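One structure is given here, and the rest of the page talks about it.
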Amino acid sequence: MKAIPRAHPLWLAYILHRLSGLGLALFLPAHFYVLSMALNDAARLDAFLRLTDYPLVKLAEFGLVFLLAVHFFGGLRLLAFEWLPWSAPQKTWAAASLAGAFLISTTFLLRAI
Amino acid sequence: MSRAMVAASTSQRREKRGPKVGTTGPQITVTVQRGGPEGPGRKQQFQVPAYDNQTVLDVVSWIQQNADPTLTYRFACRVGMCGSCAMMVNGVPRWTCRTHVSKVLQDGAMEVAPLRNLPVIKDLAADMDTFFDKWVSAEAVHHPTASRDDPIAPIDPEAPERVTASAGIECINCAVCYAACDTVANNPDYLGPAALQRAWTLYNDAKDGAQDTILDAVSGKGGCHSCHSMGSCTAYCPNELDPLSAIAGLKRATTRRFFGKGRA
Chain A
0 MKAIPRAHPL WLAYILHRLS GLGLALFLPA HFYVLSMALN DAARLDAFLR
50 LTDYPLVKLA EFGLVFLLAV HFFGGLRLLA FEWLPWSAPQ KTWAAASLAG
100 AFLISTTFLL RAI
Chain B
0 MSRAMVAAST SQRREKRGPK VGTTGPQITV TVQRGGPEGP GRKQQFQVPA
50 YDNQTVLDVV SWIQQNADPT LTYRFACRVG MCGSCAMMVN GVPRWTCRTH
100 VSKVLQDGAM EVAPLRNLPV IKDLAADMDT FFDKWVSAEA VHHPTASRDD
150 PIAPIDPEAP ERVTASAGIE CINCAVCYAA CDTVANNPDY LGPAALQRAW
200 TLYNDAKDGA QDTILDAVSG KGGCHSCHSM GSCTAYCPNE LDPLSAIAGL
250 KRATTRRFFG KGRA
């Protein structure tokens, strides 16, 4: 595959943030529509939720959580970069601390469930 | 050196380069985007002799001097000071006079095109008018606080605001950041990284007397808040400046003023 010209880490982060945001925006109307079934037609909702037993749907759920996670952390990154006048080493340490805390807390969570 | 000696050394250099076209020895394939203001025209291929030490500007100059005298391009200083020779090389904006061919060659070939996001005058010469007009729109011009009759106010080079300003003043106006920026590509009103960075240096300059005017100019439509922080300006700046952080500084300064908190 031919390399994308002008691709660099921050640009890829920008593209990932944009595409994940677009994916989530497309998902939200469907999400609210399915949730509305709980009010109007509970039996239909239960029938629909049985779809989540299929491996393909489970995989799609993983994709959804991935989109949410990258958009969430990408957004935090942007907020920190634009609103905190930190130096580059300070940002590196902050990102490393956050990644370390996330790793440790997720490990505990996985052991707990 | 006498004129005769200059002529002799020039003819020796010509001999060293070999005959005008169709040189033997290692060659590089150069694809050049031709065209004018009406849009990109045909892509033309040239075989250019390869040397150990050769910049992209050397290659373009060789084509113009030996293969096709109608090729139009722009350069002046050849040493990375004037900012006039920037072009797209393999889709990436670069200062061609300081870009060694070995750094950009892909399988013995490279592609040269005019700077992105700017109108083309002809071939590789981009029209820089919009780029410089936006510097003025961003109030990236000096607003004096004193006349020549006043004593010169001492400036502490270590003062934090001076350090912030000094970080961005080595811009050579080459428009590499402007060509790299996808926000410029998608938003014709966006002032662009170079103009905003200059506005930020002047905002932090103790000798500039129009901080509010600068913030007014950069907070409107197409101002600093249009930036998506993709960072191509900082990634490709040939002088290793950081317009991305300068624009983030403007975002903070305009926001602080909006909430009535004065200077950032």
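Which chain is which? The protein sequence lines are A and B, in order.
Numbering that gives the first Met the number 0 applies: residue 0 is where the first sequence begins, and numbers increase by one.
Numbering that gives the first Met the number 0 applies: residue 0 is where the second sequence begins, and numbers increase by one.
Ideal Cβ placement from N, Cα and C applies to all residues, glycine included.
On a predicted model such as this, the values are computed, not experimentally measured, just so you know.
- Residue contact with chain B for Tyr13/A: present (Cβ-Cβ distance below 7 Å to some residue of chain B).
- Following the DSSP letters along the chain, one finds Pro48/B in no alpha helix (DSSP H) but inside the beta strand (DSSP E) bounded by residues Gly38 to Pro48.
- Nearest neighbour of Met80/B by Cα position, chosen from Gly34/B, Ser225/B, Leu117/B and Pro237/B, turns out to be Pro237/B.
- Shortest Cα-Cα distance from Ala137/B to any of Ala174/B, Pro192/B, Ile27/B and Ala108/B involves Pro192/B.
- Inter-residue distance for Leu25/A and Ser19/A is about 10 Å (C-alpha atoms, whole angstroms).
- Shown in chain order are the members of the segment 215-243 of chain B whose Cβ falls below 7 Å from a Cβ of chain A: His227, Ser228, Met229, Gly230, Ser231 and Ala234.
- At a cut-off of 7 Å, the C-beta of Gly107/B has no neighbouring C-beta in chain A.
- Listed in chain order, the positions of the segment 79-92 of chain B with a beta carbon within less than 9 Å of a beta carbon of chain A are Met87, Asn89, Gly90, Val91 and Pro92.
- A contact between stretches requires three or more CB pairs, one per stretch, nearer than 8 Å, and the segment 241-256 of chain B fails this requirement with the segment 92-100 of chain A.
- With a cut-off of 8 Å on Cβ pairs, the segment 141-150 of chain B is not in contact with the segment 48-55 of chain B, counting fewer than three such pairs.
- Look at Arg33/B here: in three-state DSSP terms it is strand.
- Following the DSSP letters along the chain, one finds Glu60/A inside the alpha helix (DSSP H) bounded by residues Pro54 to Trp82.
- Chain B has a Cβ within less than 7 Å of the Cβ of Pro4/A.
- The segment 220-230 of chain B makes no contact with the segment 165-174 of chain B; the number of CB pairs closer than 8 Å stays below 3.
- Lys121/B: member of the beta strand (DSSP E) spanning Val119 to Lys121, first to last residue.
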